[in-house]
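**Q** Residue numbers (our numbering): 368 to 1466.
By construction, the Cβ of each residue, glycine as well, lies at the ideal position given by its N, Cα and C atoms.
Before anything else, here's the structure in question.
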Amino acid sequence: MFECHTNRCTAFARDAGRSLCGASAAAVPPDDSGIFVLFDVELCELYDTLLYDLCKMVHDRLTAIKFSYELTVRNARTQRQEVTRFLRLAVDTAVSMRGEKLNEAVSLLSNCMPRLVEPLFKYGRNSVHDQESEGYELYHAGLEWRWLVLLLASEATVEESCEPSSTVTSVGKESTKSRRKRRSIHATFRALYRDMMVDLLELVFQLFRINTVDSLVDECPFQCGCLRSMWVGLMSLAERSNGQLQFWTSMDECLPTVLNGRTDGYLLKLWLINGLAGLMVNDVPTLAVDGQAQAFVDELLNEVLRADCREEQMRVVLVLLCPIISGRFGGSVRHEPIIALWAYFSARLNSPFLLKSDSIASRGCVSQSIAGFIEQAQELVLAASEHQTLRTGLDARCVNSFRMFLMMLAFVIQHFTREANKKKVQIIFNRVFVKLAPNKYVNMTEQAIYNLGLMLSTMTVATGYPEDYPRVSRHMQMVPFDGGGGGGGMKQPVDVAIRRIVMATQAHMALLVLFSSAPSFDKTGHVLEFMRSFEEAHQKYGQRLLPAMSAIAEGVLLLFEKAASRGSFERGELSLIDAWLTRYLHGPGTGWHRLLDALTSAMAHTASHSSNRALTEAIMKHVFPFVKEQFMKSDPAPSSIARLAAQLTLNAKTGDAGEMMSFLALFNTFTGSSTADSQQLLDYLREIVTSSRMQELDERVIVRLWLKLALYYGAQELRDLTRAVYRLDEFRALCDIPEYDLLETDAVPMHLFLRHVGKRFRETHDGNEQLQLKMRLHHLFQHFDRWIPEPTGIVRQRILSVLVLALKECDQAFYIRSNPSCLYHLAFQQYFLPVSVLTDRQLAADYVEDMARVWHRVMDVLSRMAYQSDSVIGDRVINMLTKWLPQFAKLPSKAPREMVRPLLLFFSGSGTNEALVKYAMPRVASTFVELQRCLPKPNALPVMRMLQWLLQELIASADYAKVALFERLLGLPIVMHAVMCSASQPTRGIATTVVYDMVASTSGPSNMVRDEMRTVLANFTRRYLPIAADAYFVFMCRLADRNPLFIRSLIDTVREELVQAERLRGTGTDSFLRKSLYRLEGAVEASTAKLTTTRVENT
C-alpha cells in the first residue's frame, strides 16, 4: 500500500485510501471454491467473531516481531504482506460487520500497533529509503498497518452512524447501551486519529531536530512520499467526518505533546504548514482550507511575534510564510498576515537586520544615489510581482528579513491593485501608518530613515492608486531633519547628524521622483516643507551638508527629466530651485554640470509654456551669478555653462542694453567679457545665432565676434557660426567671399575675410564708397586690442599674422593718420611696438620668437607705405629696426643663423624693400655702430653680432649685390668702430672681424663689392689719416696681411691722402708719414710674396 516510488496523494485525498482496500486489491484472491487463506487459515468469509480471532493472531505476530532480533529482510517483507492483506480485507468487509466485536477488534489492533518513529530509532534513517534493509520493511509496514487500522475504525464509525433507528429496541435500557456503543466507537476513532497525528508530528519533529534553522527553507518536513499521502489522508478523513474531526484543531492540540516546551516550536509549525501547502497546491488541489486553518495561522503569527525572533530565525520564518502570504495556502490573499508582520518590523526600524556572516557590502544602509534607492524599491516590487518570483526572491542567505517583508508587502498591495480592490489597499496603508507614532519619527536613526524610506518607496511603486501618495508624503515629512537620532533628544555627534540628514534627503527625493509617475499629484507642498527643513538644518551645519545637496541635485535631475517628458514643471519641480542650489554650485567636487544641463533642458522645454517665466526667474536668482562667474573665467568650463547662459539670454525680456536683465544686456555681458574662455563664447554664440532672436542684435557685433573667434579656431569649428554670419547684410557690405570658399573649404576664415576686404577696397574707385568701407572697417576693428587683452602662444601668433595680412592687403583702409584707434596704430602700439619694446624692458622669449617670425613681413608692409613723407610711418620703421634687433640677438638657445634670419630676410628683399633698407640701415649704424667718446652705445654688442652674422650669411650665399649694399651702408661706421673703439670693449673685436670679412669679400668675383669696399677704405683714409696717422697705418698693415692685393690697389689713394695731409700741416714733407707709408708698402709686398709662395707650394 505504501511504496516511496508511488505517489498516491490523489487517492488519499479522495477517500483517505479507502479505494485501495477493495477485494480486487487483495493479494491472494479466493480459489474456485471461494476459500481464502490468511495466516494459514482457510476461510470463505470474514465475519465479526472470525475478525476478532484473526486480530488476536495479528497481535501475537506483531508482538513477536517487536521482540525479534534475527528478523531478515525476506521474513519482514512476508510478515508485512500477510498483515497488510488481512487489514485491507478487514477494511473492505467492515461494512458487513456489526456489533461490539468490530470495535473490540479495532481496539485490540490499535494496542499492538508499533509507533511510527520506532523503526527510525532502531534502524536509523536507512529505514526510510533503503529497500534492502529490514528497517525499510518494518517502517513502511508500520505506516500501512497504522493507517489501515485507522481506516477500519473509520469504517466502523461510518457503519454505526448509518444503522437505522428501527433496529434499536424500544426498551430504554437497550437504547442507552446502543448510545454507549456508538460513543465508544467514535471515541476509539478519535483516539486513533489523534495518535496518528501525534506520530506524524513526531516524525516531522525528528527531522526538524536534526536540521539547522537556515536549512529548513530547503528541506521537506516529510521523510518520504508515503508520509505525504498520510497527511493528505488525515485532512481527507477530517473533511469526511461531518464535523466530528477538525484537522487543524487536532494538530494544535497535539503539537505541545511533541514540542515538549521548546521555544522554537513556531518554526516547526511554519515548516509543516509550508510542506502541507506544497501538497495542497501541487498534489491535491481539491482539498480546501477552512476558517480553522486561517485561525491557526493567525495564532501562529501571534506566537512568532511573541517569540522575539532573531534575524536568522526571522528570515526563515518569512520564507516559510510565503505560501500563506501569497494565498497558495488558503486559496486567497489576505492582508491580516502582512499587517501582523508589520507589528514586528515597526518596532525594529532602527535595526540593520543583518547577521554576523553577512558581507561587508550588505552592511551599508545608505544608497549611493537616488536612482539606486529607487532601483532597490523597484527590484523589491518586481521580485514580488508573481508568486514564483516572490519565492525566488526570498533568499534567507542573501536577503535580510526587512527586505523580505517589503517583498511580501509589495506582493499583497499589487495583488489587491490588480483586483481593483482599492479598499484593501487603503486598509494596508492605514494599518502601516498607524504603527508610526510621531515620537517614533523623532527618534529615528540613519538606519531607521533608510528602512522607512525604502518601505514607503516600495509601497509607492507597488500601489496603483495615486490617492495614496498624499499620505505617504505627509508621513515622510514627519521625519525631522535634526532629530534625536535614537538618543531620546540627547545631543548627537555632528557626523552622525550629517549622515542622518543625508539619508532623509535621499528618502525625500526618491519619493518625490516616484510621485512624478502620477501627473495629477502636486508635489509643491512636500517640496516647500522639505526646503524649509533643509534650510534650517543648513543654518546649523553649513556646507557640511554638501553630500545632502548632492542628493538633492541628483533628485532634481530625475524630477526634471520626468517633468520634461510630461511637458509640465508645475507640480512642485520649480520649488526645488532654491538657496541650496547656490551653495551646491560653489561646493568643491560637485557634478554641477549635469544639473545645469537639466536646467537648460527644462528652459528649452518650457520656452512656450506659462511656467517658463517662473523657471527663468528662479534660475536668474539662484544660478545666474554662478553661471556668470564661471563664464567669465579664463579656464575651460563644461559646455553646460555656455548653454545655460544662452538659454537665460534667449528667455530674457526684450529691452534696451541699459536694462539690467534684458536680452541685449545679458548678451553684452557674456560676449563682452575679455576673460571668457573662447570655447565658452563659441558654444554660447552657436545657441544665439540659431535662434529667432538673433535679428534683435547688431549685425556688426556678430561679425566682430566671429572675427574674434576666428583668431582661435579654424573653419571646421566655426562652420555653424560662419553660416549665420554669411547671411548678414553687414558682412556682405564688407566683402564678397564665394560661398563655397567660406562654407565648404578649410581655408582660414580670417584670411579669406581680409583678402576679400582688400580686394573690395581696391576695386572700389568711388571715393565716397571707399570712405564708407573704410569707416565700416574702422568701427569693426576699433577696439581690436580689447578682443584678447593678453594673448599668448598660438593665439598671439595668429593675431600678429592677421595684423600683417590686414596691413598688407589693405593698408590704406586701416591707416588713419590722425586717429590713434585705427587698426594700424593699434597694431604697432599694442603688438609690434608696445611700450615694453620701446623702453627696452625684458621681454618674454616666446613673444620675441613670435615677432621674429613676422618681423620681416611687417617691414615689407612698411616698405609699401609713405615712410619718407609720413613721419609717423618713418618713426615706426626706425623703431622696428632699432628696438627689435637687440631683442633678436638675445633669443635663447638659438643658432646665429636663426637669430639673424629676420634681418637677413629684410635685408635680402628687393624692390621697395631695398629702398627701405637704404633708408633705415644708416639709422642702425648711427644708433649702434657709431661710437660715443670711443665707447660703444647701448645694445651695440648684440647688434654688432647681428651685423656680423648678417654679413657672413650674405657672403655664404654669394649674394654680392647685398654684400656691396651692406658695405655701402655700414662699411665706414664699422671700420671707424674697429679702429677708434676702446680696446677693452668686446665690440671692437667684432667690428674688426667684420672689417676682415668685408676685405676678404673683395677676393670674390664681384667688382661691385671691391668698388664699394675701396670707397669705404678711401673715405676712412680721408677721415682718419690726418688725425691719427700712426693708428691708421697700423690698422692698414693688419689689413694688408689679410688681403695684400686689395690693399695694394689702395696705395695710390693713400699716397694722395698723405700728400694732402702734409699740405694741410704746412710743414712740407713729413718724415713720419713717409716712413709709415713705406712700412705699409713693405707690408703689402711681404704679404704679396708670401701669398705667391703659398700659391706655388699649393700648386
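Alpha carbon to alpha carbon, what distance is there between Ala523 and Ala383?
**A** Mapped onto the sequence shown, residue 383 falls at position 16. Mapped onto the sequence shown, residue 523 falls at position 156. One C-alpha to the other measures close to 15 Å.
**Q** In this structure, does DSSP put Lys1020 in helix, strand or coil?
**A** Residue mapping note: residue 1020 aligns to position 653 of the sequence shown, counting from 1. In this structure, Lys1020 counts as strand in the three-state DSSP scheme.
**Q** For Arg447, does the count of other Cβ atoms within 10 angstroms reach 16, so buried, or fall short, so exposed?
**A** Your numbering for residue 447 matches position 80 in the sequence shown. Buried: at least 16 other Cβ atoms inside 10 Å.
**Q** For the 8 Å Cβ check, are there 3 or more pairs between the stretch 738–754 and the stretch 702–716?
**A** no
**Q** Excluding the 5 residues preceding and the 5 following Gly1125 in the sequence, name in chain order all residues of the same chain whose CB lies nearer than 6 Å to its CB.
**A** Counted from its first residue, the sequence shown places residue 1125 at position 758. Counting only Cβ-Cβ distances below 6 Å, and skipping sequence neighbours, we find Glu1176, Cys1177.
**Q** When DSSP labels each residue in this structure, what does Gln1299 get in the three-state scheme?
**A** The residue given as residue 1299 occupies position 932 in the sequence shown. Strand, per DSSP.
**Q** In its own chain, which residues sit with a C-beta less than 7 Å from the C-beta of Arg838, not counting the 5 before and 5 after it?
**A** Your numbering for residue 838 matches position 471 in the sequence shown. For Arg838, where only same-chain residues beyond five positions count, the Cβ hits under 7 Å are Phe796, Phe800.
**Q** Taking Asp1044 as the reference, give the member of Met1027, Val458, Leu1078 with the closest Cα.
**A** Here residue 1044 is taken as the residue at index 677 of the sequence shown, counted from 1. Of the listed residues, the one whose Cα sits closest to Asp1044 is Leu1078.
**Q** I need the boundaries of the alpha helix (DSSP H) containing His1118, first residue and last residue.
**A** Counting from one through the sequence shown, the residue named residue 1118 turns up at place 751. 1116–1130 is the extent of the alpha helix (DSSP H) around His1118.
**Q** Are the stretch 558–567 and the stretch 477–484 touching by the rule of at least three beta carbon pairs closer than 8 Å?
**A** yes
**Q** Report the start-end ranges of each alpha helix (DSSP H) in the stretch 767–837 that is 4 residues or longer and not cut off at the edges.
**A** 768–785, 789–801, 805–809, 813–829
**Q** For Met774 and Ser824, I'd like the C-alpha separation in whole angstroms.
**A** As a working mapping, residue 774 is identified with position 407 in the sequence shown. As a working mapping, residue 824 is identified with position 457 in the sequence shown. Computed Cα separation, rounded: 12 Å.
**Q** I need the straight-line Cα distance from Glu984 to Phe998, nearest angstrom please.
**A** Here the question's residue 984 lines up with position 617 in the sequence shown. Here the question's residue 998 lines up with position 631 in the sequence shown. Cα-Cα distance, rounded: 19 Å.
**Q** Which residues in the same chain as Leu1317 place their Cβ atom closer than 8 Å to its Cβ, once the five residues preceding and following it in sequence are excluded?
**A** Numbered from its first residue, the sequence shown carries residue 1317 at position 950. If we look at Leu1317 and ignore the five residues flanking it on each side, its Cβ neighbours are Val1267, Leu1270, Leu1271, Phe1274, Phe1333.
**Q** Have a look at Ile1414, Arg1405, Thr1354, Thr830 and flag the residue whose alpha-carbon is nearest the alpha-carbon of Thr1369.
**A** Your numbering for residue 1369 matches position 1002 in the sequence shown. Checked all of Ile1414, Arg1405, Thr1354, Thr830; the closest Cα to Thr1369 is Ile1414.
**Q** Name the DSSP bridge partner or partners of Ser1029?
**A** What you label residue 1029 is simply residue 662 of the sequence shown in a count that begins at 1. Its beta-bridge partners are Lys1020.
**Q** Count the other CB atoms, across all protein chains shown, that sit within 10 Å of the CB of Phe740; report buried if there are 16 or more and exposed otherwise.
**A** Within the sequence shown, residue 740 is the residue found at index 373, counting from 1. Buried, since its Cβ has 16 or more Cβ neighbours within 10 Å.
**Q** Return yes when the Cβ of Leu1336 is within less than 9 Å of the Cβ of Val1376, no when it is not.
**A** The count along the sequence shown starts at 1 and reaches residue 1376 at position 1009. The count along the sequence shown starts at 1 and reaches residue 1336 at position 969. Cβ distance not < 9 Å, so Val1376 and Leu1336 don't count as in contact.
**Q** Assuming contact is defined by CB atoms lying nearer than 9 Å, are Leu1095 and Val1070 in contact in what I supplied?
**A** Numbered from 1 along the sequence shown, position 728 holds the residue referred to as residue 1095. Numbered from 1 along the sequence shown, position 703 holds the residue referred to as residue 1070. For Leu1095 and Val1070, yes; Cβs fall inside 9 Å.
**Q** When DSSP labels each residue in this structure, what does Leu1417 get in the three-state scheme?
**A** Here residue 1417 corresponds to residue number 1050 of the sequence shown, with the count starting at 1. Residue state, collapsed to three classes: coil.
**Q** Would DSSP call Leu612 helix, strand or coil?
**A** Position 245 of the sequence shown, counting from 1, holds the residue named residue 612. Here Leu612 carries a coil assignment [DSSP, helix/strand/coil].
**Q** Please report the Cβ distance between Leu1392 and Ala1428, rounded to the nearest whole angstrom; I am assuming they are in contact, meaning their Cβ atoms lie under 8 Å.
**A** Here residue 1392 corresponds to residue number 1025 of the sequence shown, with the count starting at 1. Here residue 1428 corresponds to residue number 1061 of the sequence shown, with the count starting at 1. The pair is a contact, with the Cβ atoms about 6 Å apart (cut-off 8 Å).
**Q** Please classify Val462 as buried or exposed, where buried requires at least 16 neighbouring CB atoms within 10 angstroms.
**A** Here residue 462 is taken as the residue at index 95 of the sequence shown, counted from 1. Here Val462 is exposed, its C-beta having fewer than 16 other C-beta atoms within 10 Å.
**Q** Only counting the same chain, and skipping five residues up and downstream in sequence, which positions put a Cβ closer than 7 Å to that of Ser1168?
**A** Translated into the one-based positions of the sequence shown, residue 1168 becomes position 801. Same-chain partners within the cutoff: Val1221.
**Q** Only counting the same chain, and skipping five residues up and downstream in sequence, which positions put a Cβ closer than 6 Å to that of Ala815?
**A** In the sequence shown, residue 815 corresponds to position 448, counting from 1. So the list reads Leu716, Asn717, once near-sequence residues are dropped.
**Q** Report the option in Ser596, Gly502, Asn442, Asp585 whose CA atom is closest to the CA atom of Leu515.
**A** Translated into positions along the sequence shown, residue 515 becomes position 148. Leu515 has its Cα closest to that of Ser596, out of Ser596, Gly502, Asn442, Asp585.
**Q** Put Met454 into one of helix, strand or coil per three-state DSSP.
**A** Here residue 454 refers to the residue found at position 87 when the sequence shown is read from its first residue. Looking at the sequence itself, residue 454 is Leu, so the reference to Met does not match. Looking at Leu454 - three-state DSSP - the assignment turns out to be helix.
**Q** Return the chain-ordered list of same chain residues with a C-beta closer than 8 Å to the C-beta of Lys907, the five sequence neighbours on each side being excluded.
**A** The count along the sequence shown starts at 1 and reaches residue 907 at position 540. Result list for Lys907: Asp849, in chain order.
**Q** Excluding sequence positions up to five away, which residues of its chain have a Cβ less than 7 Å from the Cβ of Ala393?
**A** By one-based count along the sequence shown, residue 393 stands at place 26. In this prediction, Ala393 has a pLDDT of 46, which is less than 50 and means its spatial position is unreliable; nothing more can be read from the coordinates.
**Q** Quick check on Asn641: buried or exposed, where buried means 16 or more other Cβ atoms within 10 Å of its Cβ?
**A** On the sequence shown, residue 641 is found 274 positions in, with the first residue counted as 1. Asn641 comes out buried.
**Q** Give the secondary structure of Leu519 by DSSP, where H, G and I count as helix, E and B as strand, and everything else as coil.
**A** Translated into positions along the sequence shown, residue 519 becomes position 152. Three-state result, Leu519: helix.
**Q** Start and end of the alpha helix (DSSP H) containing Leu483?
**A** Position 116 of the sequence shown, counted from the start, is the residue given in the question as residue 483. Leu483 -> no alpha helix (DSSP H), and no H or E assigned at all.
**Q** Alpha carbon to alpha carbon, how far is Ala380 from Met602?
**A** Position 13 of the sequence shown, counting from 1, holds the residue named residue 380. Position 235 of the sequence shown, counting from 1, holds the residue named residue 602. Here the alpha carbons of Met602 and Ala380 stand approximately 8 Å from one another.
**Q** Looking at Cys388 and Leu518, is the spacing between their C-beta atoms short of 9 Å?
**A** Locating residue 518 in the sequence shown gives position 151, where the first residue counts as 1. Locating residue 388 in the sequence shown gives position 21, where the first residue counts as 1. Yes, these two residues count as a Cβ contact at 9 Å.
**Q** Return yes when the Cβ of Asp631 is within less than 9 Å of the Cβ of Val1467, no when it is not.
**A** As displayed, the chain neither begins before 368 nor continues past 1466, which places residue 1467 out of reach and without an answer.
**Q** How big is the Cα-Cα spacing for Met1343 and Leu1076?
**A** If you number the sequence shown from 1, residue 1343 lands on position 976. If you number the sequence shown from 1, residue 1076 lands on position 709. Rounded to the nearest angstrom, the two C-alpha atoms are 53 Å apart.
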